[in-house]
Structure formats: C-alpha cells, structure tokens
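Step one of this worksheet: look at the structure below.
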Amino acid sequence: MLEKTGCLESGSLRRLLPGSKSSLKSRRALHCAFWNHGGGDLELSSVWADLVRSAEGAEQSSDVRPVRPSITGNGGMVLDFLYPVGTINFIRQFSWWNTDRQDRPRGPAGFGKLGQRLYTSSAGESSIPSPGSDITTICQPIPHGGYDHTDNVSQKLVSSIREVIERGPRNEQEEVWRKYRLLNAAEQKGLHNQLISYLSLSTRILDSERATSLFERIGSEREQPRVYKAAIKSFLRLGNLPRATQLHEIAVEAFQDEAGSAELLAYLIEHNLWSQVISTWRSCQNRPRLPDFNNPIQDTLKAIPNLKDQSLLFADYVKECMGTWSSVGDEKLIQRSKELVAFIFRVALLNLEPLNVSNWNSILNCLEKLDLDTPELYEGIIDRLISKKETKHAVQCYRRARQRQSLLLSRRTLRDILTVFCKYHSVLGMQQVLDDWFRFYGSPSQNAYKLCIREFASQGDAVTVHALFEQYNSRFCQDSGALKSADEIAPLLHAHAVRGELDQTTRIFDSLPIKYKVQPTLLCWNILISAYAKVYDIDGAFNCFEKLLEAQDIQPDHYTFGTVMGLCVTRGDLERVIELDQLADSLEIEKSAAMVDCLVLAHIQDDLLQEAEDICQRALHTELRGSRTRMWNYLIMAWAMRHDLKNAHRILREMTEAKIEFDKYTYSALMQALAMVKQPDRAYSILKDVMKEAAVPATSFHYAVVMGGFLANNEIHKVFQVKRRMEKRGIRESSSTRLLELKAQAIQDERSSKEIKAEQKLPATQRLFRKTVATMNRKEISNTARKGLGRVPLDIGYQSMFYSYMVFILGQQDDFETVKQLYTEFIQLLPHNRQDFRPIDILSALMATKLREGDYKTVSECWHFAFFQAQEHGKPLRAVDGGSTEIQILPTHQLSLSRALTFQMTSLVRQGKIEELEGTMDGFINKGFVADNKNWNYYIQLLVRSHRFKKAFSLCETKLMPGWTGWAQLRWGRPERNRLPLDIRKASKNPRHLRPKLHTILELSRAYLDLQAAASESTAFQILLDELQKENPKTLHAIKTMPRVDDELERDYLTTQ
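Next comes the structure, spelled out in structure tokens:
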C-alpha cells in the first residue's frame, strides 16, 4: 500500500473533487483497530482489564456481527491516513463500500462527511460528529452490550480521570475522553465542569470541539465563571467569535468576573478587531464590582508573538478615532481607550524579546505623543531591564525619563538605578541620580548617601567624599559629629588611601577617638594597612598588622591578611606570602579568594606557573569568600606575557569548564595575549564586538591594552584612532591612556622632525605633556588596573611615569636644558617625605641623557643611587617568625637595574675604565642581581673592544652558547622542515634566556681574525689562539660556520679595522 501512495501526486485527487459547501474541520483520530494491525499484544491498564472481565459473559451471549468485506479484498482494514485528503470519499462513489465503517449510521450521499479530516483513521467508536449528526452524539456514553458497570470499575474510572485532570495538560486528552465515554450519564455529570476546563487547555481543534459541545449540552451545570472562561477559550480556538463574545457578556453580567476577558481581548488584538477591543474593555471597566483583572490579561497578552507591532497599530487606530470621539463629546471613551493603549504598551514593553533600543523607543515615542508615558511605566521597564541584567538599556530608559521633567520617579527606582551606576563606576550617572533625589525629595536617602560615598571613595574622589559626608553627618546623625560607628567614616579613610595619601589617611585615623568620638573598627585598621601598602611602607604596614595580632578586643580577618599578603606580593616575596597564609590557617581565619589570588600571583612572579595552576585547581574544591575569577585571570595574563596563546586559551577553556565567570579583566587578559603576539587588531575586535555582545562595559584599561598593542607594532595612527573612539564613548582618560598617547605623539613628532627642522624638540609632544601635567588628577591613578607605573610607590607614581619618559626622549634629542628643567620640576612635585627618593626609572632616563651629554660623573652618581635603592627594595622582608633568608635580591627585582647597567658600562668604557667595568659587573652579579641577555651580549662586546679576548670568549661559551640554536640561514637550506620548536622561539622573548646576538658573534669573529693574523708573528698570540680553540669549541664553531651575506653590517665588522 505504501507503494501505491507513492505514485499519488500531492493534492491530485483534491483537484478532481468538487468543492464542499461546508467548511472543512480538522480532526485527528486514529482508528483503534490500527493499533492491532499487524502489531503485537499491548499492555492494558488495570481498569480496562476489569471492564473486560466484567463484560466477558455479555460478549459471549451477544449477537455476532457479520464480517464486512474489505475494500482491499483481504478482510483487512484501510490505513486511510496514508492517503491524501478526500481519497476515501472518492473511492466511496465508485465502489460497493457505501456504508460507513463499523456500523455507524451513514451520512448523506456524496460528500456529506467532508467535515471530518479523512486523511486520518476514524475510531470505531469515534467521538467526532459528522456535520449532519446531533451535537449530543459526541457526548453520549458508549453502549456496553447490555451489561452494567460495577461500582468498583466506575470509581476507578472517575478517580483516574480526576487524577489526570489535576496533573494538568500532558497530552492525555484522548485517554481522558475515552474513559469519560465509558461512564454512564450520571457519572459523567459530575465531571462536566472539570472536563471542559481540562479540554480547553489543549491546542487541538478536536478537544475544543468536544469542550464546546459538552458546554452547550450541560445547561444549568455550567453556572461557574471558570466554565465560561474555558468555553470562551474553546470557541475562540474554533474561530466562533460571536458565540465567545455572547458568553463573555453573560459571564461578566452574571458573575461580575473577568471570565474569559483576557482570552477574548488577546484574540481581538491579534486579529486587529480594534472597535471590539475597546467595547470589550469598556464592558469590563464599567462593572463596579468587577475585581482587578489586569494581571490575568497581562499574562495572556504577553503570549501574543507580535504584541509590539499590534500595540503600535492599536495606538494608530486610537489616534485616528480621537477626533471623532472628541466631536461627539465622549471623553470617557477617549480616556478608556488611552488607558487600554497604555496597558497594552506596558505589557509589550515588559515582555520584549530580544530587548533592544529600537523596540522600546518606538513604543515610548508613541506613548509620549498620547501623553501616556507615566512614571509607573518607566519604573516597570527599568525594573525589568535590571532584573534581566540589561543595565545599559535600563540606564538609557532612565535618562529618557529624566527628559520628561514632570515625571516623578519613585525612591525605589532611584535606588536601583543608583546601584547600577555605582557598580559600573559612572560618575555622571551618580550625579544625575543625586540631582533627582534633591529635585524630587529634597535630599537623598541614607542608603543613597552611603552608596555614593563608598563609590566616590573607591574612585579616589576625596573632595566629593568629604562634601557628601558632611551632608550625611548633618542630616542623619543625632548630633553634629556624632557617629554610631567608625565604619561610617571609613570611606573618608579609603578615599585618601587609594590615592596613596598616607599623611591624610593617618590624620583622619588618629582623629577618630577625638573628633568623632568613636574607636577604630577592623575596617578602619584594614584601610590604614592598605594605605601603607600603597606607598610601599613595609614597616608601617607590618606594625599595624602586629598591633591587630596582639589586640584583645579586635582580631584581623581575611581582608587584613589579604592586604598584607598583597603587600608581600608587590614586594615579590613568595616566602612571606606562604608564611602569612599558614599563619591565617593556624588562626582559623576564613579563607578568601583574595588570599588565594596573592598565592597564585606570587608563584607566577617567581616563574612557578605549574604551582600557580595547581593552587587554582585546588581552589575550585575549597570554600572561599569572594570570586575565583581573578586568580584565573592571573594565569591567562602570565601565559600572555610569555607569548603563549595556546596555554592562555587552555586556561580560558578550563575556566569555562569549571564555570568560572568571566569579568572585564578576563577580556583584558585575552586582549593582552593577542597584543603580545603582534595581533592588536584582533584584540581591538574583542574590545569592539565581543565585549559588546557579552554586555561587558569597556574601561580605559581595555583601551590602554589595545593602544599599547598598536604602539608596539608601530601602528601610530591606530593608537590615535582608539583614543578618539574612547573619547567618543565618554570613557574617562586614565594615566595609562595618557602615557600611551604621549609615546605615540613622540614617535610621530620624531618622524616629522626628520623632514622639517624645528627650533623646539618634539613640539607637539611637549604641548601634550604640559596639558597632561596641568590636568593631573590623583583619581586617575587610584584604579588598580594600570599600565606603565611599574614598581613605584603610588604617591609618586603619576609624576614618575610621565617625567621619566619625557626626560629620556628629550635626552635622546640632545635637549639637555629642557631635561634639566623637567628634572627640577619633578623633584618639586615629590611629597615632603619623598624628597630624598628617586625612582629607578627616572634615574635610568637621566643616566641616558647625561651619557649623551658626556657628564660621566653624574652617570656614576645616578648608578650608585639606583644600585642602593634597588638593593633596599629588592631584599626580602623580615620573616613573620623572625627567621632569616639566604636570598639577597628577590626574583622580581633582579632585573630592575638592567637598563641602568647598560648606561653605566658604556660610561666606563668611554672613560677607559676597563677594570672598573669588570668590577662593576662582578659586583652586580655577586649582590644577587641578574644581567639580562642584552647586558651579557653588550658586556662581551665591550670586552672584545677592550681586548679582553680570553674573558670575552669564555663568557660567550659559558653564558650565551648553551642557548645557541644555530644559524637560521643554514637550517632554511635543508630539504626537510626544521623550524625551531615553538617553546624555543617563545623563550627568546624572555630577557633571562641567554643566547648570542649577531653583533656579538661578529665582534668575536673580528677578534678571531685579528688573533689569527697576529699569531703568525707572535708566539703569545698563537698560544692564546690555541687556548681559545680548545676552551671555546661552540663559539668557534659558530664563527667558522657563519654564512657570509656580505651586507653592510658584516662589512663594517669584518673588513675594516
């Protein structure tokens, strides 16, 4: 039979048949015999088994029906659902099969039964009525062959039906209906109302027809609002709007209940029947005893898929009709219609998916024209947007509401939007909310004051914090200056601590018992320790920490330990970090994520990445206070700084698998990883696209990362493009972005100066620098995420990062007078307690300038000053238990003098102080410092030029040649692929990874050639040459196998002396 169906063209028989005058009804019912058509035994329910046993005797005594021949000729049944619509009716006209199946009374001749879907199999005792049958036929009990139900069977059937109905719709309507038909009329009567409600929940047309048929039959039993509501839903699903409207009017009049109002309104709105929408709304609103039915209507309307578009159409209809209604003086109708428009728009706005600005902007524009944009409407939108974490749209909606001066937003809405602004550190937003508080309510609430004071303090805005605190103190404290707790004044301490203003922080802390009559709390102590840590005052921080440990009434907490551990991390002292963590465990201090962050970062700084990863993995199974995201960000950043994208991506994948949430610094770490491998454009794509899709707000630090990537790639024009984009989006500049812009401007000025000679060196750069200094604000450096600061105390960090760079670049331009002026200005800007302190960065820049100037004495003075400071800052901290350590210089400080060392070596060679050069290098190494790859190569070159051949060759052999990978040009000539492994190529970026540079090999080659020439005339030189060949085989092999390219560099070294 399946083969036969395959040759029938879809709809071919339908085109042959005449059209039916009656509308076709869609019904789906599978013939019960189908389930026995070649099938195995089915497992029957216990209720059916009881029926079979009870009816067994009756079936045996009943008359046996004659077997009707089948149309197929084999006595089987027809699987008519396999055929196109109308096939069975077509066959009936031309075959002997003129009677309806299974003894049902036959309908009219011809196509009288086209109301039923004939592509489905009708059940033998089908409940689907034909168009000409009595409407009550569908609801009649099934005859049972002359036997009566037992009470036990009936009870089981009724119980099972009620149980299914109570469970709710689970596609069991067919089974419920079958069981219902097995009951007698008296038993059915008790289920009518429940069954109608149950069937109305189905989306099937068949169930709606059953529900409406049953509703029309039961008469007085339907006097319940929920029955009318179910019937209205069913009639609407069948498209019978007049009957649904009639029932709605009856229900509203009789029961004073909404009874289907929601369903009727939704149907009318969906079908653009606007006049009936208004009349239905008015009929409900005009009933004084009718309870509030907005909630059920709202729940129903939001299911309309295109509600936003429908609401706009309805608003257009109301606007068109308002003139007509006004002319007849029906103001009440206008008011009711506008209320309905506002209600529908509210539902549409609160359920827009996906949320976007254009959707709700179009609705709000329409509401504004009708003067229906009420405060409640905006508040509902803002509340939903915040609950959906669509904070950007919530802010836009709030700012739109502010433009309507007459709108009075509630205190709750102002508080919620203020929380959003504080979360994203929006100064403008906080100021706008505070303005609204003053405009609407006279002054902010106590909680609003606290939120703003804390946020402004975290941003280092000390002036605003003091002003708001004075207002708070005068409005909410019983007496002027009287506080309930020192925690209320903690933001004042915090505002100065984050700026590195230790003097102001300690002054306020000391005044707590005297001026404010309160004792310092643990929060105040923690902030004070943090203030000492910001300016690298190790002794002050540990003194406070020890006082807390010894105090009886107050004990350190996880924040205290996290702050002190962070100070040790900044110093680079891994041993002290581990000791503090162990001390916290012994004191049973609650472990925080910040403490684990410190452990991870301390291991990373000592190049112990595997140990750091192990700590992160263990933290996943440890109960911690706070987010675990930062420690994983540290790992991504660590691999990024090592130019290892593969491992950075692996860490990101592990974060996802461990369900660690990404934050804004996760994205900045990924951007940094791309920038480090010369892919700043991809990092820029993350900033523009990926972060936007993830609803992560971009900060100045993200822009600084991208600007730094383009600067390293020498794409100067793109640095300025990124800067302009940041300004266009209203993101406040930071010290990092200012410094990168200054560097880009200097490069641009240097390029243009080669074409145009100007009297002033780097004029645009100097103007930008003066502008930056004039607008210098300590708030910009209070942010912990920054680039370019280095290991400089916070109280002098801003001045140091700009002045050191300007001193260096102007020194390279030989503008010595300007350099001298800048250095004097820098000294004057230092705090009074820092007058004797000189950052190593500015000392190195000054050494480079004085070296060009020929002032070797100042170069030497700066070197000794820098060496002393590096020793002081690089030595390990004192152990918590009073023990000692063998480490002289901490690993993080071992390379701090690498630039300064190069300038000092150059100065000594120019003075001819070769012995002092060797003593400087030996003393440098003996004190625990580490010379980087550039230092060793340059030192060996200087030794060669100073005719210290033996030591130069020996150092190259022992220090540099172990990292030698051969000549790339020779590898390229081989037939097989022999590119260096990725690990080796990445190691070349590490300054600690030593390997000979081309200049070093060329210097040694020139020396070797000279020695060969001299050996022919001198026995001493021959002996020296033999020793070099014997003791330095790797170096000599590199020299002898060096491919000759005869370029200018090679000619300078090898053909001239």
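The opening residue of the sequence shown carries number 1 in UniProt numbering; numbering runs sequentially from there. Cβ coordinates follow ideal geometry from the N, Cα and C atoms, glycine included. Small disclaimer: the values here were computed from a predicted structure and weren't measured.
C-beta atoms of residue i and residue j nearer than 8 Å
i: V859; j: F903; result: yes
i: E661; j: T629; result: yes
i: residue 1058; j: A593; result: Summary: the structure shown does not reach residue 1058, with the chain confined to residues 1 through 1057, and so no result is reported for it.
i: T505; j: L523; result: no
i: A541; j: A551; result: no
i: K779; j: D461; result: yes
i: T245; j: S261; result: no
i: T784; j: G811; result: no
i: L897; j: A870; result: yes
i: S208; j: R226; result: no
i: A952; j: L1004; result: yes
i: L483; j: Y516; result: yes
i: K179; j: S159; result: no
i: Q941; j: H999; result: yes
i: Q253; j: K233; result: Before going on, a small fix: residue 253 reads as Glu here, not Gln. Their beta carbons are not under 8 Å apart, which means E253 does not touch K233 by this criterion.
Run of the alpha helix (DSSP H) containing residue i, from where it starts to where it stops
i: M847; result: I840 to E853
i: R770; result: P763 to A774
i: W632; result: T629 to M641
i: V176; result: Q173 to L182
i: H999; result: L998 to A1015
i: L829; result: F816 to L829
i: G380; result: P375 to S387
i: F235; result: P225 to R237
i: W863; result: Y856 to G874
i: S735; result: S735 to S753
Proximity to residue i [Cα-Cα], best of the options
i: T521; options: T560, A1007 and F802; result: T560
i: residue 1075; options: R226, D503, R786 and N193; result: As displayed, the chain neither begins before 1 nor continues past 1057, which places residue 1075 out of reach and without an answer.
i: M430; options: S735, E455, Y180 and S410; result: E455
i: L609; options: Q471, E579 and M641; result: M641
i: A675; options: L982, M707, Q813 and F235; result: M707
i: L583; options: V564, T570 and D597; result: V564
i: R985; options: G966, L1002, T1000 and L970; result: G966
i: Q748; options: F837, P763, D299 and S736; result: P763
i: A495; options: Q459, D503, W525 and A467; result: Q459
i: H717; options: A744, S283 and E727; result: A744
i: F924; options: T958, L943, C956 and Q888; result: Q888
i: S735; options: T772, F720 and A394; result: T772
i: Q447; options: R411, P1043, A457 and L645; result: Position check: residue 447 holds Asn in this sequence, whereas Gln was assumed. Ranking the options by Cα distance to N447, first place goes to R411.
With 16 other Cβ atoms within 10 Å as the buried cut-off, status of residue i
i: D1046; result: exposed
i: T775; result: exposed
i: W972; result: exposed
i: G709; result: buried
i: D585; result: exposed
i: T622; result: exposed
i: D573; result: buried
i: F769; result: buried
i: S511; result: exposed
i: R899; result: buried
i: T824; result: exposed
i: H864; result: exposed
Residues near residue i in its chain [Cβ-Cβ closer than 7 Å; skip 5 each side]
i: L451; result: L418, T419 and C422
i: E270; result: I304 and Q310
i: S387; result: none
i: V696; result: K664 and Y667
Contacting residues, own chain, Cβ-Cβ under 6 Å from residue i (five flanking each side not counted)
i: D839; result: Note on identity: in this sequence residue 839 is Pro, with Asp being the wrong assignment. Cβ neighbours of P839 beyond the five flanking positions: V792 and S800.
i: K997; result: N937
i: T892; result: G572 and Q605
Residues of its chain near residue i, where Cβ-Cβ distance is below 8 Å and the 5 sequence neighbours each way are ignored
i: C321; result: S337
i: P288; result: Bear in mind that the predicted position of P288 carries a pLDDT of just 49, short of 50, making it unreliable; the figure below should be weighed with that in mind. Within the same chain, P288 has no close Cβ partners at all.
i: Q471; result: S443 and Y449
i: W964; result: R995, P996, K1034 and A1038
Residue i beta carbon near the ligand NAD (any heavy atom closer than 7 Å)
i: H192; result: In the structure on display, the ligand NAD does not appear, and there are no ligands present to speak of.
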